[in-house]
Amino acid sequence: MSDEVPDGARISRGATLWLSLLRILGAVAIPILAFVLLWGTFDYLRNANANRALIVVVAVAVGVGGIFLLFWAMNRVVGLLPARFREGVRPYVFVGPCLVILSVFLVYPVINTIIISFKDATSTGFAGLDNYRFVFSDHDMLTAIRNTIGWIVLVPLVAVIIGLSFATLADRLRRGEALAKSLIFLPMAISFAGASVVWDFVYSFRPQGFGSNIGLLNGIMLGLGKNPVPWLDQKPWNNLLLVVIMVWMQTGFAMVILSAAIKAIPEGIIEAARIDGASELQVFRRITVPTILPTIVVVATYMVINAMKVFDIVFVMGNPEGRGTEVIAERMIAWFFIRGNNGRGGAIAVVLFLAIIPVMIWNIRRFREQEAIR
Amino acid sequence: MSAVDAVRVVPGTETRERAGGPTGGGGWFVRIMILVVVVIWIIPTVGVLISSFRPPDLVESTGWWTVFAHPFRLAEWTLQNYRSALSTGGFGNAFLNSLAVTIPSTVIPITIAAFAAYAFSWMTFRGRHIMFVVVVGLLVVPLQMALIPILRLYTGGAAVGTLVLFPDLNLGGTFLAVWLAHTAFGLPLAVYLLRNYIGSLPSSLIESAKIDGADHFTIFWRLIVPLSVPALAAFAIFQFLWVWNDLLVAYVFLGGTPQNRVLTIALQQLVGARGENWELLTAAAFISMSLPLVVFLSLQRYFVRGLTAGSVKG
């Protein structure tokens, strides 16, 4: 498909200007009207001291119905335009709200952060490249970079391997498949705060004289007649223990997606291979894996990005600096919010952003290939 | 001794499901492997679930697995943790607040993203590809990076010289502030998923609707939306879980107004006020998990269909 506007060639220069103007108006109108609508309703409710349940109901009504009505109304307005403008403006009415909101809430902050990263701690004077020099020389930062690389490699690898194996095996259960998959998927629904409570009960350690060991791992150690171990203080292996938490939370996601892909493989192909005498392992390696490879790539990409941005697990489990479990996103928060150094926090954020870009470019290229075969 | 006991009790759920039926095609190896993984996966949660029903002094002094030695000693079970977690004030209100934050934060981005995804898939206009690439590229912006600039917008607005780009509306502490932020943070993933799905619908469908004289809006509303229910539901689950479980955004934009605090903030404050009271934490954690689990379990079949449409066909 070409990107050309259908009537583009026939429109004069003055009309082109008008068209651009109309497009911008079309793009901006819905977000602004929606904002006014929501703000007005909300302000009214706040002043009326309405109760919570009513606010919920009205919020949903305005949020769902209101926004949809705005799209409908704008579409009608576009219909009133002269015919030569109509189809040139309409796409921008559809896409515009999305772009406007993203510009204000994501693009603007990104630009803001890039500027901040070249300034000093309080964003008053320029600091040149000092903050970036810091990112690649500070001891904690280097540890964080090393750890983040570990997360990026391990989380997708382990989650995909376990998820794929589990999906393949569960596919062959006659009963209980849905239940087994739900149980693996369950941690997805738990917040990081909840997960940290859950894993505290696994890793907990108390030295002698400070109460009994109620953590599961140390319970096992005691059961085996060994001394309890302060698991989270074991450098550098404690990083692996934190990776385990993320794998625990994300494997279900990988498993469910891969399972759906496996089920989409036509039964005939697999039957044919079996009749030809292929073993189950051969079927898995020669047919299952190659067929669902695109899905594996999508899942792994998603996990890589999540692993790059990991912050909560490390932060909530506590004392990353003392334990050597720093990661890049966690350093960013530490410098930005806890130590109040905007410049360094900004520089770390920019480095993180730059590191993720190649993954995205690669992903988008894959996307276009898919587009081509549609 | 102890861990082994735990392992033996947990599988009950699994065997019950399968009991009575014909033994499946998998054979013993498959079943044992599945069982082992499932048990490993749920043990941590089971530990917390059990702890949430135990009296505080026992939680502190013995491991949760010891209950399996004498599971029917009633004195060792209690509902007190849940009672105190709920009575610590405002939990009912916090639950409603969580709904007031989560539902609009889920549906607003869906509506906006669905229109955008349709345009990216089936309308031709200049800059279509580059716009889509930028939107999806924003997936990678770390959320934390955007919080401070947005907070500044909310409390001070933005202007270039005298030209006001964003009016100072004093939005800090309002639900609207959180809705808008979550909408923006959810949009890239929503557009990506929906574009994946809507773009994979057969083009003959859209062409024939056009020939029948339907305009874009009609096609979108009558054809695309009904066909995209799985993808819409999949994103809805994603976003719902994410917003419901979110602490950071709620904390930054709602933290200062006590009457608007959501469940995660209430939980976090409970932790702070009560110190390291594990038994309260466990009960509170399960209260906050309840709704996401219900939502997730009831919608999960859509989840899979919606997420995989674009990618599975390869």
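For the protein sequence lines, the chains are L and S, in the order given.
So in our numbering, the last one in the first sequence is 391, and the numbering has no gaps at all.
So in our numbering, the last one in the second sequence is 389, and the numbering has no gaps at all.
Think of the CB as a built atom: it goes at the ideal place given N, C-alpha and C, for glycine as much as any other residue.
Since this is a predicted model, take the numbers as computed values, not measurements.
How many Å lie between residue i and residue j at the Cα?
i: VAL127 (chain L); j: LEU119 (chain L); result: 11 Å
i: VAL216 (chain S); j: PHE371 (chain S); result: 26 Å
i: ARG93 (chain L); j: VAL106 (chain L); result: 12 Å
i: ARG340 (chain L); j: THR268 (chain L); result: 26 Å
i: GLY96 (chain S); j: ILE107 (chain S); result: Confidence in GLY96 (chain S) is poor, its pLDDT being 35 and thus under 50, which makes the residue's placement unreliable; the coordinate value appears in the next sentence. Near 17 Å, if we compare the C-alpha coordinates of ILE107 (chain S) and GLY96 (chain S).
i: PHE85 (chain L); j: ILE223 (chain S); result: 30 Å
i: PRO132 (chain L); j: ALA284 (chain S); result: The residue asked about is misnamed: residue 132 (chain L) is Ile in this sequence, not Pro. The straight-line gap from Cα to Cα measures roughly 49 Å.
i: PRO277 (chain S); j: VAL74 (chain L); result: 37 Å
i: GLY362 (chain L); j: GLU338 (chain L); result: 16 Å
i: VAL214 (chain L); j: VAL45 (chain L); result: 45 Å
i: LYS280 (chain L); j: LYS252 (chain L); result: 42 Å
i: ILE117 (chain S); j: LEU124 (chain S); result: 10 Å
i: PHE301 (chain L); j: GLY294 (chain L); result: 13 Å
i: LEU55 (chain L); j: VAL81 (chain L); result: 11 Å
i: TYR193 (chain S); j: ILE187 (chain S); result: 10 Å
i: LEU259 (chain L); j: LEU371 (chain L); result: 25 Å
i: ARG336 (chain S); j: ALA325 (chain S); result: 8 Å
Is the beta carbon of residue i within less than 8 Å of some heavy atom of the ligand SAH?
i: SER275 (chain S); result: Judged by which ligands are present, the structure shown has none, so any question about the ligand SAH falls away.
In chain S, which residues lie with their C-beta within 8 Å of the C-beta of residue i?
i: TRP265 (chain L); result: TRP116, PRO119
i: ILE166 (chain L); result: Chain S residues near ILE166 (chain L): none, gap ~17 Å exceeds 8 Å.
i: PRO108 (chain L); result: ALA194, MET198, THR199, PHE200, ARG203
i: GLY43 (chain L); result: Per Cβ cutoff of 8 Å: no residues; GLY43 (chain L) is ~11 Å from chain S at best.
i: PRO114 (chain L); result: ILE187, PHE190, ALA191
So, does the CB of residue i fall closer than 9 Å to a CB anywhere in chain L?
i: ILE178 (chain S); result: yes
i: VAL142 (chain S); result: no
i: GLN155 (chain S); result: no
i: ILE183 (chain S); result: yes
i: ASP266 (chain S); result: The sequence given here has Val at residue 266 (chain S), not Asp. Closer than 9 Å: yes.
i: GLU135 (chain S); result: yes
i: LEU302 (chain S); result: no
i: SER363 (chain S); result: yes
i: PRO130 (chain S); result: no
i: ILE109 (chain S); result: yes
i: VAL324 (chain S); result: no
i: SER126 (chain S); result: yes
i: ILE187 (chain S); result: yes
i: ALA360 (chain S); result: yes
If you measure from the beta carbon of residue i to each beta carbon in chain S, is any gap under 9 Å?
i: TYR149 (chain L); result: no
i: SER296 (chain L); result: no
i: PHE102 (chain L); result: no
i: TRP35 (chain L); result: no
i: ILE84 (chain L); result: yes
i: ILE178 (chain L); result: no
i: ALA286 (chain L); result: First, the amino acid is wrong: residue 286 (chain L) is Ile here, not Ala. No, ILE286 (chain L) lies away from the interface with chain S (no Cβ there is under 9 Å from its Cβ).
i: PRO337 (chain L); result: no
i: ARG361 (chain L); result: no
i: ASN380 (chain L); result: yes
i: ILE373 (chain L); result: yes
i: THR141 (chain L); result: no
i: ILE11 (chain L); result: This structure cannot settle anything about residue 11 (chain L), because the visible part of chain L is limited to 18 through 391.
i: THR160 (chain L); result: no
i: ARG189 (chain L); result: yes
Give the residues of chain S in contact with residue i, contact being defined as C-beta atoms less than 9 Å apart.
i: MET377 (chain L); result: VAL208, VAL211, GLY212, LEU214, VAL215
i: MET349 (chain L); result: PRO217, GLN219, MET220
i: ASN323 (chain L); result: Near ASN323 (chain L) there are no residues of chain S at all, since even the closest Cβ is about 10 Å away, more than 9 Å.
i: GLY228 (chain L); result: GLU135, SER136
i: TRP352 (chain L); result: Chain S residues near TRP352 (chain L): none, gap ~11 Å exceeds 9 Å.
Which residue or residues does DSSP assign as beta-bridge partners of residue i?
i: PHE143 (chain L); result: L:LYS136
Strictly below 7 Å CB to CB, what residues from chain S border residue i?
i: PHE111 (chain L); result: PHE190, ALA191, TYR193, ALA194, MET198
i: ILE126 (chain L); result: Correcting the residue identity first, residue 126 (chain L) is Pro in this sequence and not Ile. Those are MET220, ALA221, PRO224, ILE225, listed as they occur along chain S.
Which residues of chain L have a Cβ atom closer than 9 Å to the Cβ of residue i, listed in chain order?
i: VAL392 (chain S); result: In the structure as shown, chain S begins at 76 and stops at 389. Residue 392 (chain S) is therefore absent and cannot be evaluated.
i: SER159 (chain S); result: Result: empty, since nearest Cβ-Cβ is about 16 Å, beyond 9 Å.
For residue i, return the contacting residues in chain L, with the cut-off set at a CB-CB distance below 7 Å.
i: HIS291 (chain S); result: ARG107
i: PRO146 (chain S); result: Those do not exist, as PRO146 (chain S) stays about 17 Å from chain L at its closest Cβ, beyond 7 Å.
i: VAL113 (chain S); result: ALA197, LEU200, ILE201
i: PHE166 (chain S); result: What PHE166 (chain S) touches in chain L: nothing, since even the nearest Cβ is about 13 Å away.
i: ALA175 (chain S); result: ARG69, ILE72, VAL73, ALA76
i: PRO367 (chain S); result: ALA206
Check: Name the residues in the region 297-331 of chain L whose C-beta lies less than 9 Å from a C-beta of chain S; which are they?
Finding: THR308, ILE309, LEU310, PRO311, THR312, VAL314, VAL315, VAL316, ILE322, MET325, LYS326, PHE328, ASP329
Next item on the list: Could you please tell me which residues of the region 251-263 of chain S, in chain order, have their CB closer than 8 Å to any CB of chain L?
Entry: LEU251, TRP254, LEU255, ALA256, THR258, ALA259, PHE260, LEU262, PRO263
Check: Closer than 8 Å, Cβ to any Cβ of chain S: which residues of the region 202-215 of chain L, in chain order?
Finding: PHE202, LEU203, PRO204, MET205, ALA206, ILE207, SER208, PHE209, ALA210, GLY211, VAL214, VAL215
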